[in-house]
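Count along the sequence shown from 1, add 76, and you get the number used in my numbering.
First up is the structure itself, then whatever we jot down about it.
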Amino acid sequence: MFQSLSDRLSGVLDKLTRRGSLTDSDVSEAMREVRRALLEADVALDVVKDFTEKVKAKAIGQDVVKSVTPGQMVVKIVHDELVAMLGSTAEPIDLNATPPVAILMVGLQGSGKTTTTAKIGYRLKTRFKKKALMASLDTRRPAAQEQLRVLGEQTEIDTLPIVAGQTPLQIAKRALEAARLGGYDAVLLDTAGRVTIDEELMDEVAEVRGVTQPHEVLLVADSLTGQDAVNTAKAFDGRIGISGIVLTRADGDGRGGAALSMRAVTGKPIKLLGVGEKWDALEDFHPERVAGRILG
Ligand code: GDP
């Protein structure tokens, strides 16, 4: 049975009966539990190491005050550090630019990119009263443009009419033009995904990014893929440059480790969480909640 990190730390530290400050060996034993719990929550090894170093430095020499147990004290330090590393405050999608605000959606195939594009369109409409135009730049997978069109129909969000034979770049330019002429607030560009990251995909997305100059570049990543999601984030951020991350399948039984790793590795904010298949199954990212989930 899964034991929460809070319980484990209490187990290790609360047998300390003396008062005074925490010693190196008290804290080292506690950090072994933190390390184990974070690895179980699927946090990347480098991030775990970095994290435990920081927590350790803060905990050693801390005076244990009467009102809390040593375990509670370290849990608080771990919690605060998790929140700090996750980004402290929720960062919503930035629409603060001259309309139509271009948002480029990137990521691997199967990550939930197309669904997330429609979810964001739906969110802009229902929550922010903004009119979005969606366009699929995926010319490789024959059904992709049609999939977005159908999603647009279901969510009542306009999609760019499909013209056969156009390149992703031509579609992107047409989408921007149509959004300008049509008085849209935002234009959502759903790029092609691949099963793995390859140079051709990166070149294509980089070219579209260069020409469209999007205000946001959102990487959609599956939170259940752990270390793969972290590698994907690193690759996309290094090659394309991303402004934020949307983590999908946060409704699954992952414990939030991918969020911590991706944030730590890229330094880019997790902006939204996908929490199901429905259009409205999209939530703001709250670092406090994810920290709580990791702590168990
Ligand atoms: P794409 O290839 O990246 O465009 O992926 P799709 O958007 O086609 O999504 C693949 C599948 O994942 C679909 O069945 C979606 O309904 C599902 N999906 C997307 N986001 C989420 C999510 O946050 N939670 C769950 N449970 N399913 C999701």
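Beta carbons are placed, not taken as given, at the ideal position from N, Cα and C, and that holds for glycine.
Note that the coordinates shown come from a computational prediction; the quantities given were computed from them, not determined experimentally.
Item, Value
"Backbone secondary structure at isoleucine 72 - three-state DSSP", "Nothing can be reported for residue 72, as the shown portion of the chain is limited to 77 through 372."
"Assigned exposure category for glycine 333 - 16 Cβ within 10 Å defines buried", "buried"
"Segments of 3+ residues assigned as beta strand (DSSP E) that fall wholly inside the segment 277-356", "292-298, 320-324 and 346-350"
"Length at least 4, wholly inside the segment 109-191: the alpha helix (DSSP H) runs in chain order", "121-135 and 146-162"
"Beta-carbon gap between leucine 265 and alanine 208 smaller than 8 Å", "no"
"Cα-Cα separation, aspartate 298 to valine 159", "21 Å"
"The segment 143-159 touching the segment 351-360, judged by at least three CB pairs closer than 8 Å", "no"
"Span separating the alpha-carbon of aspartate 274 from that of lysine 310", "13 Å"
"Proximity below 8 Å, CB of leucine 252 to CB of alanine 194", "no"
"Exposure label - alanine 367; buried when at least 16 CB within 10 Å", "buried"
"Proximity to histidine 291 [Cα-Cα], best of Thr174, Val271, Glu276 and Arg339", "Thr174"
"DSSP state of methionine 77 mapped onto helix, strand, coil", "Bear in mind that the predicted position of methionine 77 carries a pLDDT of just 43, short of 50, making it unreliable; the figure below should be weighed with that in mind. Here methionine 77 sits in coil by DSSP."
"Closer than 7 Å: valine 281 CB and nearest the ligand GDP heavy atom", "no"
"Of the residues Ala305, Lys201 and Val293, the one placed nearest threonine 272, counting alpha carbons only", "Ala305"
"Serine 337 versus Thr301, Leu213 and Ile153, residue with shortest Cα-Cα distance", "Thr301"
"Cβ-Cβ distance between threonine 192 and valine 296 below 8 Å", "yes"
"Near the ligand GDP: aspartate 327 beta-carbon under 7 Å from a heavy atom", "yes"
"Nearest residue (CA-CA) to isoleucine 318, options Glu105, Val281, Gly350 and Pro218", "Val281"
"Whether serine 82 touches glycine 343 by CB criterion (8 Å)", "no"
"Near the ligand GDP: glycine 350 beta-carbon under 7 Å from a heavy atom", "yes"
"First through last residue of the alpha helix (DSSP H) which encompasses leucine 224", "220-231"
"Residues bridged to glycine 96 [DSSP beta-bridge criterion]", "Val140"
"Proline 347 CB to nearest heavy atom of the ligand GDP below 7 Å", "Inspection of the sequence shows that residue 347 is occupied by lysine rather than by proline. Not under cutoff, so the answer is no."
"Buried versus exposed call for glutamine 230 [16 or more other C-beta atoms within 10 Å across all chains shown]", "exposed"
"Local Cβ density within 10 Å of glutamine 289, reported as buried at 16 or more and exposed below that", "exposed"
"Alanine 106 and leucine 89 closer than 8 Å at C-beta", "yes"
"Closer than 7 Å: alanine 357 CB and nearest the ligand GDP heavy atom", "yes"
"Between the CA atoms of valine 239 and methionine 77 - distance to the nearest angstrom", "Because methionine 77 carries a pLDDT of 43, less than 50, the predicted location of this residue cannot be relied on, and the following value inherits that uncertainty. Approximately 55 Å between the Cα atoms of the pair."
"Any non-hydrogen atom of the ligand GDP within 7 Å of valine 182 CB", "no"
"Rounded separation between leucine 18 and isoleucine 169 - CA only", "Since the first residue of the chain shown is 77 and the last is 372, residue 18 is not available in this structure."
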